[in-house]
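Quick mapping for you: the protein sequence lines, in order, are chains A and B. Read in my numbering, the first sequence has 86 at position 86, and its numbers run on one by one without any break. Read in my numbering, the second sequence has 1031 at position 31, and its numbers run on one by one without any break. To start, the structure itself, in structure tokens.
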Amino acid sequence: MTDRPIELTPLVVQVQAPDRGGVASFLGLVRDHHEGRGVLRLDYSAYGPMAEAECGRIVAEAEARWQVAVALRHRVGTLQVGDVAVAVAAAGGHRDEAFAACRYVIEEVKRRVPIWKREYYADGTVGWVDPTAAVQHA
Amino acid sequence: MSSSVAPGLTVRVLLFGSYADALGFDQVELALASPATLDDVIAHLRALPGGDRLPPKPLCARNLAHVGTGEPIASGDELALLPPLAGG
């Protein structure tokens, strides 16, 4: 977890190794719309100690299930459209395990990590995002 | 005539997001009769002003791990009620 801007390159450097030829990554960026409404900015907040613990568990699970090294960062605080909210990098011997581990980590982050998002819309309204109430997009 | 008093337990409960907004606070210490589960904590909070906006079976955590609402609790636990997660 971090409250500073996230850069992908340091995460890639972190997971790289001479015997890991495939590095897969994912970036989640703040979009300018949500359910048809324009988004100006958003606030990410977290249950800090549990978010750190859950992120650690997710990374450990991925590293145990595939022969990979994984780096994960999630940002909290006020983010603007286009900012990186979450980044995952996974390095393995080949692309199969790198892609699989990367996908697993982002799916588990969305499912388990105690983070909430408060969106500020162009029409002046503010609301907590509830993904369980919205149409899901993979 | 003597009466036996059931041992009590004290837990700290954290609220986040829309749940904290609903109740107007983000943490509280609760004393409950033992034994107790998270369901008992939730029932206590739902009886408070604004508590009707808490669902009967929210996502819960006990000592930094996800648990179900039937999870038994112990004195000293840090509990949390988690609104729908929106990370990632």
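Glycine residues also receive a C-beta, built at the ideal position from the N, C-alpha and C atoms. Computed from a prediction, not measured in an experiment: that's the story for all the values here.
Cα-Cα separation between residue i and residue j, rounded to whole angstroms
{"i": "Arg111(A)", "j": "Pro1007(B)", "result": "37 Å"}
{"i": "Gln16(A)", "j": "Gly22(A)", "result": "9 Å"}
{"i": "Arg65(A)", "j": "Ala101(A)", "result": "8 Å"}
{"i": "Val59(A)", "j": "Ala133(A)", "result": "28 Å"}
{"i": "Arg118(A)", "j": "Val76(A)", "result": "11 Å"}
{"i": "Val13(A)", "j": "Gly1076(B)", "result": "41 Å"}
{"i": "Leu1015(B)", "j": "Phe99(A)", "result": "36 Å"}
{"i": "Cys55(A)", "j": "Arg37(A)", "result": "30 Å"}
Reference residue i; option with closest CA among the options
{"i": "Arg41(A)", "options": "Gly48(A), Pro49(A), Glu35(A), Val30(A)", "result": "Val30(A)"}
{"i": "Phe1011(B)", "options": "Leu1023(B), Pro1049(B), Leu1045(B), Ala1022(B)", "result": "First, the amino acid is wrong: residue 1011(B) is Val here, not Phe. Checked all of Leu1023(B), Pro1049(B), Leu1045(B), Ala1022(B); the closest Cα to Val1011(B) is Leu1045(B)."}
{"i": "Ala62(A)", "options": "Asp19(A), Val88(A), Leu79(A)", "result": "Val88(A)"}
{"i": "Asn1063(B)", "options": "Glu52(A), Asp3(A), Val68(A)", "result": "Glu52(A)"}
{"i": "Ala1022(B)", "options": "Thr1037(B), Asp1039(B), Pro1049(B)", "result": "Pro1049(B)"}
{"i": "Ile106(A)", "options": "Val39(A), Ala90(A), Tyr120(A), Tyr121(A)", "result": "Ala90(A)"}
{"i": "Tyr104(A)", "options": "Pro114(A), Tyr121(A), Leu72(A)", "result": "Leu72(A)"}
{"i": "Arg95(A)", "options": "Gly124(A), Gln67(A), Tyr121(A), Ile115(A)", "result": "Gln67(A)"}
Residue i, DSSP secondary structure in three states
{"i": "Leu1085(B)", "result": "coil"}
{"i": "Gly1051(B)", "result": "helix"}
{"i": "Ser146(A)", "result": "Since the displayed chain A opens at 1 and closes at 138, residue 146(A) lies outside it and no answer follows."}
{"i": "Pro131(A)", "result": "helix"}
{"i": "Ala122(A)", "result": "coil"}
{"i": "Val12(A)", "result": "helix"}
{"i": "Arg1046(B)", "result": "helix"}
{"i": "Arg65(A)", "result": "helix"}
{"i": "Ala1036(B)", "result": "strand"}
{"i": "Val70(A)", "result": "strand"}
{"i": "Ala17(A)", "result": "strand"}
Counterpart residues of residue i in DSSP-defined beta bridges
{"i": "Val1028(B)", "result": "Val1013(B)"}
{"i": "Cys1060(B)", "result": "Val1067(B), Leu1081(B)"}
{"i": "Gln80(A)", "result": "Arg41(A)"}
Below-7 Å beta-carbon distance, residue i vs any chain C residue
{"i": "Ile58(A)", "result": "Among the protein chains in the structure shown, which are A and B, there is no chain C."}
- request: Ignoring anything shorter than 3 residues or poking outside the region 33 to 61 of chain A, list the beta strand (DSSP E) runs there in chain order.
  value: Assignment of beta strand (DSSP E) within the region 33 to 61 of chain A, counting only whole runs of 3 or more residues, yields 37 to 46 in chain order.
Every unbroken alpha helix (DSSP H) inside the region 85 to 112 of chain A [4 residues or more]: Segments of the alpha helix (DSSP H) lying fully in the region 85 to 112 of chain A: 95 to 112.
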